[in-house]
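J.: Residues in the sequence shown are numbered consecutively from 0, following numbering that gives the first Met the number 0.
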Amino acid sequence: MGGVTFASSADEARDQAQQLLGMRVGNFPVTQVLIEEQLEIKDELFVSLSIDDATRQPVMLLALEGGSGIEERAAQVKRLQINVTDGPDLARVQQLLAESTVEPALHDEVLSAVRTLWDTAKRIEARSVEINPLVTTRDGRLVAADCRMTVDDYAVFRHPELGIDIARELDHPPTELERIAYDVEQNDHRGTFYFAQLPTESDRPVIGFHGAGGGGSMMSMDAVTKAGFAIANFTDTSGNPSSAKVYRAARIILSQPGLVGYFGSGSGVASQEQFHSAYGLAKAFLEMNMAIPAVIRLGGNSEDRACEILHDACADLPAPVEGYRKDDTPAFCATRFTTLVEQSSGRSDGMKRRVPEFVGSPSAFSFPINGGCVWVDHASCDEAATALVIKHGSMLLKADTSGKPVPAVSEADIANKDSELIACEIECRRAGRPVVFVDLPIEGIDC
Numbered sequence: 000m001g002g003v004t005f006a007s008s009a010d011e012a013r014d015q016a017q018q019l020l021g022m023r024v025g026n027f028p029v030t031q032v033l034i035e036e037q038l039e040i041k042d043e044l045f046v047s048l049s050i051d052d053a054t055r056q057p058v059m060l061l062a063l064e065g066g067s068g069i070e071e072r073a074a075q076v077k078r079l080q081i082n083v084t085d086g087p088d089l090a091r092v093q094q095l096l097a098e099s100t101v102e103p104a105l106h107d108e109v110l111s112a113v114r115t116l117w118d119t120a121k122r123i124e125a126r127s128v129e130i131n132p133l134v135t136t137r138d139g140r141l142v143a144a145d146c147r148m149t150v151d152d153y154a155v156f157r158h159p160e161l162g163i164d165i166a167r168e169l170d171h172p173p174t175e176l177e178r179i180a181y182d183v184e185q186n187d188h189r190g191t192f193y194f195a196q197l198p199t200e201s202d203r204p205v206i207g208f209h210g211a212g213g214g215g216s217m218m219s220m221d222a223v224t225k226a227g228f229a230i231a232n233f234t235d236t237s238g239n240p241s242s243a244k245v246y247r248a249a250r251i252i253l254s255q256p257g258l259v260g261y262f263g264s265g266s267g268v269a270s271q272e273q274f275h276s277a278y279g280l281a282k283a284f285l286e287m288n289m290a291i292p293a294v295i296r297l298g299g300n301s302e303d304r305a306c307e308i309l310h311d312a313c314a315d316l317p318a319p320v321e322g323y324r325k326d327d328t329p330a331f332c333a334t335r336f337t338t339l340v341e342q343s344s345g346r347s348d349g350m351k352r353r354v355p356e357f358v359g360s361p362s363a364f365s366f367p368i369n370g371g372c373v374w375v376d377h378a379s380c381d382e383a384a385t386a387l388v389i390k391h392g393s394m395l396l397k398a399d400t401s402g403k404p405v406p407a408v409s410e411a412d413i414a415n416k417d418s419e420l421i422a423c424e425i426e427c428r429r430a431g432r433p434v435v436f437v438d439l440p441i442e443g444i445d446c
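Right, here's the structure in full:
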């Protein structure tokens with residue numbers, strides 16, 4: 000039984016709908032059935048609208064002599080540039096109709112369909128809308144027999160009425176972690192974060208993968224796959240992401256059960272400060288008390304500083320965390336990763352997030368930032384600790400009248416400084432004075 004069936008009665012339609020609802024199409028279960036009227040088609044037309052990136056304006060394609068198979072009849076397709084303010088030139092469409100075989104009685108309906116197509120595309124912020132075919136029926140009607148539209152990814156959040164969960168093309172229904180990751184991306188546009196879970200039905204050990212840059216990430220995936228591992232997910236944080244974004248990406252990766260290791264590697268030539276990623280990764284690994292080995296190839300700007308941060312901050316974790324540079328090939332890193340995994344018996348299942356005891360304490364000081372808050376252990380802040388916090392606080396913190404660290408700028412100015420505050424947290428830990436904690440709970444994982 001295929002995904003399209005024909006019924007000659009209501010009972011037959013009900014039976015076929017029940018069968019369709021038990022099917023899977025690819026990796027997607029059938030959860031809804033669209034029932035449409037069978038049409039007696041006389042003629043087929045074609046009309047579409049898309050954004051022409053070359054001319055930076057909408058363009059309409061119109062064929063009045065056939066819809067199905069239009070790709071093979073390009074000469075019959077008329078191309079109409081559209082003024083964004085005025086919409087389609089209906090006078091020009093009327094002229095084309097007059098030269099066509101479309102019955103004059105249907106001309107006004109075709110014009111209405113063209114205008115409706117434009118209005119719909121504009122309303123939902125579509126990059127393309129295609130009616131193929133737009134048909135005339137034997138009883139004299141004009142019907143859009145099939146319509147497809149593509150909404151601009153960056154406009155989806157303005158159109159909840161469309162019911163689009165994730166504005167990405169996946170070969171499976173979105174998983175809960177993919178939904179969580181998409182929300183992270185939508186709430187923080189500093190750099191990009193892409194997360195997709197992969198099928199891992201094999202006897203290979205399963206690992207988390209964290210890339211930076213598409214091409215380099217795929218090359219790195221090949222290297223670690225050839226080393227004998229199954230990859231639980233594909234993740235890409237690139238475009239100079241914030242430490243907070245990398246932290247959340249790592250936390251989402253580590254929330255997958257059954258991982259025996261964490262492998263990070265990208266292009267190696269990314270034009271982004273790698274220490275931001277190192278701070279975010281170190282924070283995630285420290286909070287989770289990393290029990291599985293991690294190999295992170297931090298190739299790019301400030302890679303030496305990034306590797307030093309990662310090694311030093313994570314030195315006392317139960318499992319080894321090692322950072323490598325761009326000259327260390329993905330194959331070399333995969334070989335080293337294999338050795339570390341073979342020497343470890345840890346799994347991600349048993350790892351739980353750790354929060355310092357002073358969080359929530361009456362003696363601790365806190366202030367809000369976007370997506371969370373910052374806690375400072377005032378009870379443990381002597382003169383040296385306060386000086387350390389101020390030193391690594393990027394001029395965001397100062398000592399109050401009692402000598403304790405507090406914000407030096409307004410609440411609005413410090414709200415989006417999560418990366419700087421994460422750096423302060425990690426540097427204080429490296430100095431043996433863990434008096435700062437940036438609390439960034441992830442909805443769906445922590446709350």
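C-beta: ideal position from N, C-alpha, C; glycine also.
Which same chain residues end up closer than 6 Å to I413 when comparing Cβ atoms and leaving out the 5 residues on each side of it in sequence?
T.: Excluding sequence neighbours, I413 sits near L395, P406.
J.: Where DSSP assigns a beta bridge to K397, which residues make up the other side?
T.: Answer is V405, bridged to K397.
J.: If you compare alpha carbons, which of F436, N82, T84 is closest to F364?
T.: The shortest C-alpha separation from F364 is found at F436.
J.: Considering only the alpha carbon of each residue, which of V354, V375, F262 lies closest to L339?
T.: When each option's Cα is compared against that of L339, the closest is F262.
J.: Is it true that the CB of V205 sits closer than 7 Å to the CB of L285?
T.: Result no, Cβ atoms of L285 and V205 do not sit closer than 7 Å.
J.: Need the endpoints of the beta strand (DSSP E) that G371 sits in, please.
T.: Looking at the DSSP string, the run of the beta strand (DSSP E) that includes G371 is 371-375.
J.: As a quick exercise: from V408, A398, P198, pick the residue whose alpha carbon is nearest that of N232.
T.: Selected option, being the one with the closest Cα: P198.
J.: What does A125 pair with, by DSSP beta-bridge criteria?
T.: Paired residues: V150.
J.: Alpha carbon to alpha carbon, what distance is there between I295 and P329?
T.: Taking the straight line from one Cα to the other gives about 10 Å.
J.: Can you confirm whether the segment 214-229 touches the segment 246-257 when touching is taken to mean that 3 or more C-beta pairs between the two stretches lie within less than 8 Å?
T.: Verdict: no, contact absent.
J.: Thinking R147 and E175 are a contact (beta carbons under 8 Å), I'd like their distance in whole angstroms, please.
T.: Their Cβ separation, rounded to whole angstroms, is 28 Å, which puts R147 and E175 out of contact at 8 Å.
J.: For A422, which residues from the same chain have a beta carbon less than 6 Å from its beta carbon, with the 5 sequence-adjacent residues on both sides left out?
T.: The answer, listed in chain order, is Y278.
J.: Which of helix, strand or coil does DSSP assign to Q15?
T.: Q15: helix per DSSP, three-state reduction.
J.: Can you grab the Cα-Cα spacing for the pair S447 / K282, in whole Å?
T.: Given that the chain is displayed from residue 0 to residue 446, the structure contains no residue 447 and the question cannot be resolved.
J.: Run through DSSP, which three-state label would L439 get?
T.: Correct three-state label for L439: coil.
J.: If we call anything under 7 Å between Cβ atoms a contact, is R428 one with D311?
T.: Cβ atoms of R428 and D311: not closer than 7 Å.
J.: Would you check if there are 3 or more beta carbon pairs closer than 8 Å linking the segment 136-143 to the segment 154-173?
T.: These segments do not touch.
J.: Measure the alpha-carbon distance for D138 versus I230 and round it to whole angstroms.
T.: So the two alpha carbons sit approximately 57 Å from each other.
J.: When DSSP labels each residue in this structure, what does M59 get in the three-state scheme?
T.: Strand, per DSSP.
J.: For a minimum of 4 consecutive residues, which ranges assigned as the alpha helix (DSSP H) are wholly contained in the segment 291-358?
T.: Listed in chain order, they are 302-312, 329-341.
J.: Could you tell me if G322 is buried or exposed, where buried requires 16 or more neighbouring beta carbons within 10 angstroms of its beta carbon?
T.: Buried: at least 16 other Cβ atoms inside 10 Å.
J.: Quick one: grab the DSSP three-state call for F364.
T.: It is a strand residue.
J.: Buried or exposed, going by whether 16 or more other CB atoms sit within 10 Å of the CB of H209?
T.: It counts as buried.
J.: Taking only runs that begin and end inside the segment 136-182, name each unbroken alpha helix (DSSP H) of 4 or more residues, in chain order.
T.: As far as the segment 136-182 is concerned, it has no whole alpha helix (DSSP H) run of at least 4 residues.
J.: Buried or exposed for G431, please, with buried defined as at least 16 other CB atoms from any protein chain shown within 10 angstroms of its CB.
T.: The residue is exposed, with fewer than 16 neighbouring Cβ atoms inside 10 Å.
J.: Near M350, what residues of its chain come up, given a Cβ to Cβ distance below 6 Å and the 5 sequence neighbours on each side ignored?
T.: Counting only Cβ-Cβ distances below 6 Å, and skipping sequence neighbours, we find M287, A290.
J.: Using DSSP bridges, identify the partner residues of L48.
T.: For L48, which the question treats as bridged, DSSP gives the partners M59, V128.
J.: Examine chain C for any beta-carbon lying closer than 7 Å to the beta-carbon of D445, and answer yes or no.
T.: Annotation note: the requested chain C is absent from the structure, which comprises a single protein chain.
J.: As a quick exercise: from A112, A6, D151, R126, pick the residue whose alpha carbon is nearest that of P132.
T.: Nearest of A112, A6, D151, R126 to P132, Cα basis: A112.
J.: Which of the three DSSP states, helix, strand or coil, is assigned to R247?
T.: Three-state result, R247: helix.
J.: Of the choices L169, Y193, H188, whose alpha-carbon is the least far from that of A180?
T.: Ranking L169, Y193, H188 by Cα distance to A180 puts Y193 first.
J.: Thinking L439 and D417 are a contact (beta carbons under 8 Å), I'd like their distance in whole angstroms, please.
T.: Yes, they are in contact, since the Cβ atoms of L439 and D417 sit about 7 Å apart, within 8 Å.
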